[in-house]
Each structure stands twice: as C-alpha cells, then as structure tokens.
Amino acid sequence: MNKDKHLTKEWKRKIGEANKIALKGRRLSLKTRERMSESKIGHKHSEKTKIKIGNSRKGIKHTNKAKKKISIARIGKKLSKKTKIKIGNAHRGMKRPKGTGKKISKALKGRKKPEGFGKKISKIQIGRTVSLEIKNLMSKIMKKSARRGKTHPFWKGGVTPINLKIRKCRETIIWKQSVLIRDDYTCQKCSKKENIELHPHHIKNFSDYPELRFAIDNGITFCKKCHNTFHKIYGYRNNTMEQVKNFIGGKYD
Ligand SMILES: [Zn+2]
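For the sequence shown, this note's numbering gives the first residue as 345, with consecutive numbering after it.
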C-alpha cells in the first residue's frame, strides 16, 4: 500500500529537492495550509501585532471566494461571549446593506429557536412601542403565514422524513461543496473529472452517524456510477472507512 517503503533514502532526498524547486512561488495545497495552521494552534499574536495586522488590513475587503472559505472554516465554531459583545459594539448604529434581512431569514428558515429565546425577546420589547406601520406589516405577515390545514405544525398527512429535511439544508450544501473542493471535483474511485455527475459520499453513513453528517473528513467524492457501485457492494447501512479504502484500492488517507 505504501509506495514510500520501496524508495531508498537517496531517492527520497532527490524527490524532496525536486519538490522544493517545483513548489517555489506556487500556492500551497489546502492540506499543507491546514497543517501549517494546525502548527499555529495555541499561538497567539501579541496585542501590538494584532493592532498592526488590523491597521494593515483597514479598508481591504475580502473577495467573495475568501468569504466563502472563511464561512466554511467557521462551520461548527461558536463565538465567545466577549467576541459577540465586540461585534455588537462595532455594528451599533450601522445600517445593513439592502437584502441582508432576506438573506438572514433564508439562512434561518427551519431552524429552532434556542430555549428561552422568546422570553428574552419579550423582555427586550417591554416598554417599546411599535409604530402603526410596523403593526400593519406584522399583521399582514401573520395573515400570510397563518398555519391552517396543510401548513399547520400538527398536520400529519404529508410527513416529510426529518432526514430528508436535513439533507436539503444549508449545512449539507456547504458540506458537499467542501468535499468537492478538497477532492478537486474528481471521482476518487475512477479519477474522472470532466462531464460527469459528482456525488459527495458519506464515508460513515448519514443515518447511523448523525454527528458526522457535516464533517468534511467523513466525505469523499465519487461519480454517480462509482457511487451506485459502492452502495451495490456495501449497502446503505453501517458503512465504514475500510469499505471506502477497499473500494478505491487503498489510495485514500
Ligand atoms: Zn467514478
């Protein structure tokens, strides 16, 4: 399995030299960058350095690509209370760009509010008066979204399996994108890349391992054909990394 075993020390040294030359001026691979950032875990910038970094970045905007990367990297991460307060202070008095409200409501659709959320909001609202305009708008929205019959939460006639709902949600879309990007949009079984339908596959299967549903490491890119073949051989339950390794010939780590 390990090709390196057959290489002599001399060979390895030569390859290392060649890589050094080839890598000069090149962008580092995602894996390398991950390793580098891992080695920085626990390393903290001094306050002075932070101010310097902040000043040098002032006025620079992230590109859309960078924003996407940052949002992928942030999946599952929670902000500390301190950070939240800082962000809140920085945003005070700022107006949101047009369309932000819509974006937020789209992203929040289907999410449950944390316990006690309603109480918190009603506490904040105490003493505030709602303008007539807002009142009318609210009543319009309420009428529009009035849940009767099919849309009532107790309606059981058209039960959507909860797993199906989760599959469709935002996290799943981001998970798929991340797996595809990491695998360079290439089927890891047949190495095909062009003109094929790609299916990010859950290594430990979706239904048995809910905690790994959005773990990038738990995903691998297959084409439609190879994905079907995989499940024909191994089924849809209790899927493992061993199966994937056997399936693709041990090339995966
Ligand atoms: Zn394939």
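The beta carbon of each residue, even a glycine, is placed where N, CA and C say it ideally should be.
8 Å Cβ cutoff met for residue i and residue j
| i | j | result |
| --- | --- | --- |
| THR573 | LEU524 | no |
| ASN562 | ASN583 | no |
| ILE416 | ILE518 | yes |
| GLN587 | TYR578 | yes |
| CYS534 | CYS513 | no |
| LYS520 | THR530 | no |
| ILE397 | HIS389 | yes |
| ILE429 | PHE558 | no |
| ILE547 | SER522 | no |
| HIS571 | HIS543 | yes |
Residue closest to residue i, alpha-carbon to alpha-carbon, out of the options
| i | options | result |
| --- | --- | --- |
| LYS569 | HIS545, LYS402, PHE558, GLU586 | HIS545 |
| THR516 | ILE592, GLU555, ASN539, GLU541 | GLU555 |
| SER551 | ILE506, ASN399, GLY593 | ILE506 |
| TYR553 | LYS422, GLU541, MET585 | MET585 |
| ILE592 | ASP528, GLN532, LYS426 | GLN532 |
Range of the contiguous alpha helix (DSSP H) that encloses residue i
| i | result |
| --- | --- |
| ARG401 | 391 to 401 |
| SER415 | 408 to 417 |
| LYS421 | Premise fails: LYS421 is in no alpha helix (DSSP H) and is neither H nor E. |
| ILE592 | 585 to 592 |
8 Å Cβ cutoff, residue i in contact with chain D
| i | result |
| --- | --- |
| PRO554 | The chain labelled as chain D is not found in the depicted structure, where only one protein chain is given. |
Which ranges does the alpha helix (DSSP H) cover as unbroken runs of at least 4 residues, wholly within the stretch 499 to 582, from first to last along the chain? 506 to 512, 514 to 526, 568 to 578
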